[in-house]
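Chemist: For what it's worth, this note's numbering labels the leading residue of the sequence shown as 7, then goes sequentially.
Once you've had a glance at the structure underneath, I'll fire off some questions.
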Amino acid sequence: MQEVGGMRDINPENFNSVDEFIIYLEDKRATIDETLRDLKSTRADEKFETMGEFVKRVEASDELVYFPTGLDWLDGELYYRGLAQGSFINIAGASYAGKTTFTIELLKGLAKSHKVAFFSYEMYEKVLIRKFKFAPLEILKNMTIIQDNPNIDVVCERIRKLSQAGVMVFAIDSRMKLRVSNSKLSEYEKNNEISSKLSELTRTLGIVIILINQISEADLKAGRQALKGSGDQVYDSDMIIYLSATLNDRQEVVKRELVMAKDRIGERTFKINIPDFYKKNDYGAISAVEFRE
Numbered sequence: 007m008q009e010v011g012g013m014r015d016i017n018p019e020n021f022n023s024v025d026e027f028i029i030y031l032e033d034k035r036a037t038i039d040e041t042l043r044d045l046k047s048t049r050a051d052e053k054f055e056t057m058g059e060f061v062k063r064v065e066a067s068d069e070l071v072y073f074p075t076g077l078d079w080l081d082g083e084l085y086y087r088g089l090a091q092g093s094f095i096n097i098a099g100a101s102y103a104g105k106t107t108f109t110i111e112l113l114k115g116l117a118k119s120h121k122v123a124f125f126s127y128e129m130y131e132k133v134l135i136r137k138f139k140f141a142p143l144e145i146l147k148n149m150t151i152i153q154d155n156p157n158i159d160v161v162c163e164r165i166r167k168l169s170q171a172g173v174m175v176f177a178i179d180s181r182m183k184l185r186v187s188n189s190k191l192s193e194y195e196k197n198n199e200i201s202s203k204l205s206e207l208t209r210t211l212g213i214v215i216i217l218i219n220q221i222s223e224a225d226l227k228a229g230r231q232a233l234k235g236s237g238d239q240v241y242d243s244d245m246i247i248y249l250s251a252t253l254n255d256r257q258e259v260v261k262r263e264l265v266m267a268k269d270r271i272g273e274r275t276f277k278i279n280i281p282d283f284y285k286k287n288d289y290g291a292i293s294a295v296e297f298r299e
């Protein structure tokens, strides 16, 4: 389709479907909104607040909120027993470590008392639904799912809209499926753009965003843990969690571990075993992770 001045001829007849037209407009709207925000920030009449005004304003607002995950074995290790409002969290690990399952379990626990949203771009929905079939209806009603258009600008715009509707926690599966509008960017630059935009949302909206990420295979083989592509991802993150799984000779998972590699709020790191729902343990089935289909 021919574009004029960087914009396609905005006529519904020039698109294959209404959905395609809507997605195109959402993409452009996100770009326009971002440009407008940049322009407004450079206005000559822009005013700034003094530190005294800042302190007075923030102290008069609500206290910082911590969201319990509902996983007792994890909440017991977290500062104030929960995920801090305004946090950008990266969860990474090898392909068999259970990143999606663990993230979904977090959302289930958080949805007991808060609205959450799940951007799912990895799993076929008939496979994905198996991970929710044991969840109570009252939890499912608090969860919003989005499966289309992984463009980062569209995702950010939808997060803004959902946050206005009271959604406080967002999870994205996964970083590898997210796309940027400028296809000429290197993978390093794409990582930085995605990380920067998501972390900005957590800071300006006071929400929690969980991004499922990929671990660097080269670092993993060398016995180190690092986000694939790294760049500003580590700097932007308020929390970085690595998941790992130990396999036996039959390639069966016999142990899963969680490593808290960075926690800007709690200011501590730790390593802890992840209790499996099917295994008897001191934590009990309710607070364990359901690694079952």
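Positions of the beta carbon are idealized from the N, C-alpha and C atoms, including for glycine.
I'd like to check one pair, Asn-157 with Asp-33: are the Cβ atoms closer than 7 Å?
Modeler: Result yes, Cβ atoms of Asp-33 and Asn-157 sit closer than 7 Å.
Chemist: Under 7 Å, do Thr-275 and Met-266 count as touching if we go by C-beta distance?
Modeler: Yes, the pair counts as a contact, with Cβ atoms nearer than the cut-off.
Chemist: Who are the near neighbours of Ala-141 in its chain, counting only those whose CB is closer than 7 Å to its CB and skipping five residues on each side?
Modeler: Closer than 7 Å at Cβ, skipping near neighbours: Lys-114.
Chemist: Using DSSP with H/G/I as helix, E/B as strand and the rest coil, what is Asp-44?
Modeler: DSSP places Asp-44 in helix when its eight states are reduced to three.
Chemist: Smallest Cα separation from Val-70: which of Leu-45, Trp-79, Arg-87, Thr-56?
Modeler: For the sequence presented, residue 70 should be read as Leu rather than Val. For Leu-70, the nearest C-alpha among the options comes from Arg-87.
Chemist: Hey, could you find the ends of the beta strand (DSSP E) Phe-138 is sitting in?
Modeler: Here Phe-138 belongs to no beta strand (DSSP E), and DSSP marks it neither H nor E.
Chemist: Put Val-186 into one of helix, strand or coil per three-state DSSP.
Modeler: Looking at Val-186 - three-state DSSP - the assignment turns out to be coil, as it is neither helix nor strand.
Chemist: Starting from Lys-261, follow the beta strand (DSSP E) in both directions and report where the run begins and ends.
Modeler: Run containing Lys-261: 259 to 269, per the beta strand (DSSP E) assignment.
Chemist: So which of Asn-279, Ile-152, Tyr-85 has the shortest CA-CA distance to Lys-268?
Modeler: The candidate whose alpha carbon is nearest that of Lys-268 is Tyr-85.
Chemist: Which of the three DSSP states, helix, strand or coil, is assigned to Met-174?
Modeler: It is a strand residue.
Chemist: Does the contact criterion of 3 or more C-beta pairs under 8 Å hold for the region 54 to 63 versus the region 185 to 202?
Modeler: No: fewer than three Cβ pairs fall under 8 Å.
Chemist: Excluding five sequence neighbours on each side, which residues of the same chain lie with their C-beta closer than 7 Å to the C-beta of Tyr-130?
Modeler: Answer for Tyr-130: no residue qualifies.
Chemist: On the three-state DSSP scale, how would you describe Leu-301?
Modeler: The structure shown does not extend to residue 301, since the chain is modelled only from 7 to 299, so the question has no answer here.
Chemist: Hey, Ile-247 and Leu-233 are a contact pair by Cβ (cut 8 Å); roughly how many whole angstroms apart?
Modeler: Their Cβ separation, rounded to whole angstroms, is 11 Å, which puts Ile-247 and Leu-233 out of contact at 8 Å.
Chemist: Could you tell me the distance, in whole angstroms, from the CA atom of Gly-92 to the CA atom of Gly-212?
Modeler: Cα to Cα, Gly-92 sits roughly 4 Å from Gly-212.
Chemist: For Phe-124, is the classification buried or exposed, using 16 other Cβ atoms within 10 angstroms of its Cβ as the cut-off for buried?
Modeler: Buried is the call here.
Chemist: Just to confirm the assignment: which complete beta strand (DSSP E) runs, minimum length 3, are found wholly within the region 95 to 137?
Modeler: Correct list: 121 to 126.
Chemist: Determine the direct distance from the alpha carbon of Ser-202 to that of Thr-107, and round the result to whole angstroms.
Modeler: So the alpha carbons of these two residues sit roughly 26 Å apart.
Chemist: Which one of Lys-277, Arg-164, Ile-97 has the shortest CA to CA distance from Ser-243?
Modeler: Residue Ile-97 is the option with its Cα nearest to Ser-243.
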